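Asker:
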Amino acid sequence: MVHAGLLPMDPAHHLRSGVQPLAHAPESLPENPTADDIELARNEQELSLLTDIEPNQDPDVKLNIRDIHDLEPTKRGPKGHEDNVPWSDLWNSVIKRCRGFDSKASRDKSGSLWDDDDVLVNPESDVSGLRLRKPLPCHPITVVYSHASSRGLDLKKWSKGLDTGCVNGDGLTAMVLGKGRHKADTPRKGAVEVQQSAWPNDNDDERDTEVPFGENMHARLVSVSCPTPPSIELPRNPKESE
750 MVHAGLLPMD PAHHLRSGVQ PLAHAPESLP ENPTADDIEL ARNEQELSLL TDIEPNQDPD
810 VKLNIRDIHD LEPTKRGPKG HEDNVPWSDL WNSVIKRCRG FDSKASRDKS GSLWDDDDVL
870 VNPESDVSGL RLRKPLPCHP ITVVYSHASS RGLDLKKWSK GLDTGCVNGD GLTAMVLGKG
930 RHKADTPRKG AVEVQQSAWP NDNDDERDTE VPFGENMHAR LVSVSCPTPP SIELPRNPKE
990 SE
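With this note's numbering applied, the sequence shown corresponds to residues 750 to 991, in that order.
1. Applying the criterion that 16 or more other CB atoms from any shown protein chain within 10 Å of the CB defines a buried residue, is GLN769 buried or exposed?
2. Could you tell me which of THR891, GLU780, GLY920, SER895 sits nearest to ASN965, measuring between CA atoms?
3. Would you identify the three-state DSSP class for LYS811, choosing helix, strand or coil?
4. How long is the line joining the alpha carbons of PRO872 and PRO804, rounded to whole angstroms?
5. Are the beta-carbon atoms of GLY920 and SER974 separated by less than 8 Å?
6. In terms of residues, what are the limits of the alpha helix (DSSP H) holding THR977?
7. Which residue comes first and which comes last in the beta strand (DSSP E) that contains VAL768?
8. For CYS704, name the three-state secondary structure that DSSP assigns.
9. What does the Cβ neighbour count give for LEU885, buried or exposed, with the cut at 16 atoms within 10 Å?
10. Measuring straight from C-alpha to C-alpha, what distance separates LYS858 and GLY914?
11. Leaving aside the five residues before and after ARG900 along the sequence, list all residues of the same chain whose C-beta is less than 7 Å from its C-beta, in chain order.
12. Tell me the rounded alpha-carbon separation between PRO978 and ARG846.
13. Taking the Cβ atom as the reference point for each residue, do LEU764 and ALA774 lie within a distance shorter than 8 Å?
14. SER822 by DSSP, collapsed to three states: which one?
15. Taking Cβ positions, are ASN813 and ALA753 nearer each other than 8 Å?
16. Which partner residues does THR922 have in the DSSP bridge list?
17. Mapping DSSP to helix, strand and coil, what is PRO835?
18. Would a C-beta distance cut-off of 8 Å place VAL960 and LEU904 closer than the cut-off?
19. I'd like the list of long-range same chain contacts for ASP759, defined as Cβ closer than 7 Å, with 5 residues on each side in sequence excluded.
20. So is THR935 buried or exposed if we call it buried at 16+ other beta carbons inside 10 Å?
21. Report yes if the C-beta distance between SER908 and SER837 is below 8 Å; otherwise report no.
22. If distances are taken between C-alpha atoms only, which option among PHE962, SER980, THR922 comes closest to VAL971?
23. Using DSSP with H/G/I as helix, E/B as strand and the rest coil, what is GLU959?
24. Given that a residue counts as buried once 16 or more other Cβ atoms are within 10 Å of its Cβ, and exposed if not, what is GLN794?
25. Would you give the residue range spanned by the beta strand (DSSP E) that SER797 belongs to?
As structure tokens, then:
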């Protein structure tokens with residue numbers, strides 16, 4: 750769970766670069782790992798997303814990132830910058846290639862797995878030119894974030910944006926995770942998959958629906974209406990009164 754966003758890679762380097770945490774399995778992973786070994790390695794690799802990717806070490810990025818522009822995280826929206834790429838698009842493009850530590854990608858240490866053009870980002874191309882065909886030695890990671898009310902309820906396979914604009918008098922949305930009835934290999938009867946859109950501006954005081962989460966789970970989204978914020982009249986500058 751993050752405030753505004755998280756990058757799965759440093760966009761200034763090739764995805765196959767050794768600086769990218771998801772391009773290689775953790776060195777601590779033994780040759781014949783147990784389930785506990787894999788869980789520890791997953792935690793280590795996920796932590797490295799925060800410690801080894803330079804933009805993710807910047808608090809301002811994690812608080813305000815919206816898009817990627819000219820290979821740099823930015824809090825500017827696409828208005829006037831149509832070539833911006835939402836960070837969540839980059840996240841999903843990378844994470845969908847995670848095939849686990851037992852994939853061919855984790856066993857091939859030489860790098861011969863990669864074709865010359867099998868690059869997600871390079872210094873001569875923008876992140877909009879996403880090209881990646883081969884698997885990555887990682888396990889899928891779902892990130893939950895907010896602080897992006899202009900995009901509304903933004904639900905993608907591996908990223909869940911929950912900011913539905915309560916501060917503007919729209920809705921406040923929560924995601925309920927847990928065992929029991931929220932975990933299922935298949936959607937329960939009557940489950941609804943919410944598309945990439947904000948909740949409709951209707952008169953319901955509460956909206957409740959189920960959405961896919963992770964590899965084989967489901968979560969419940971609950972949204973309540975927020976009161977319209979009062980208009981605030983700022984005190985006038987004394988010099989304006991003169």
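Using N, Cα and C, we set each Cβ at its ideal position, and we do this for glycine too. Only a predicted model underlies this, so the values are computations on that prediction, with no experimental measurement involved.
Answerer: Judging by the given coordinates:
1. With a 10 Å radius around the Cβ and a threshold of 16 neighbouring Cβ atoms, GLN769 comes out buried.
2. THR891
3. Helix at LYS811.
4. Note that PRO872 has pLDDT 37, beneath the 50 cutoff, so the model's placement of it is unreliable and the number below is only indicative. For PRO872 and PRO804, the distance between alpha carbons rounds to 16 Å.
5. yes
6. THR977 -> no alpha helix (DSSP H), and no H or E assigned at all.
7. Counting along the chain, VAL768 falls outside any beta strand (DSSP E), and DSSP gives it neither H nor E.
8. A query on residue 704 cannot be resolved here, the shown segment of the chain reaching from 750 to 991 and no further.
9. The residue is buried, with at least 16 neighbouring Cβ atoms inside 10 Å.
10. Model confidence at LYS858 stands at a pLDDT of 41, short of 50, so the residue's coordinates are unreliable and nothing is read from them.
11. GLY910
12. 43 Å
13. no
14. According to the sequence provided, residue 822 is Pro. The question's Ser does not apply to it. It is a strand residue.
15. yes
16. SER972
17. strand
18. A distance below 8 Å separates the beta carbons of VAL960 and LEU904.
19. Answer for ASP759: VAL768, GLN769, ILE802, GLU803, PRO804, listed in chain order.
20. Model confidence at THR935 stands at a pLDDT of 37, short of 50, so the residue's coordinates are unreliable; what they give is reported in the following sentence. Per the 10 Å Cβ criterion, exposed.
21. yes
22. Nearest option by C-alpha distance: THR922.
23. strand
24. buried
25. Per DSSP, SER797 belongs to no beta strand (DSSP E); it is in the alpha helix (DSSP H), 784-800.
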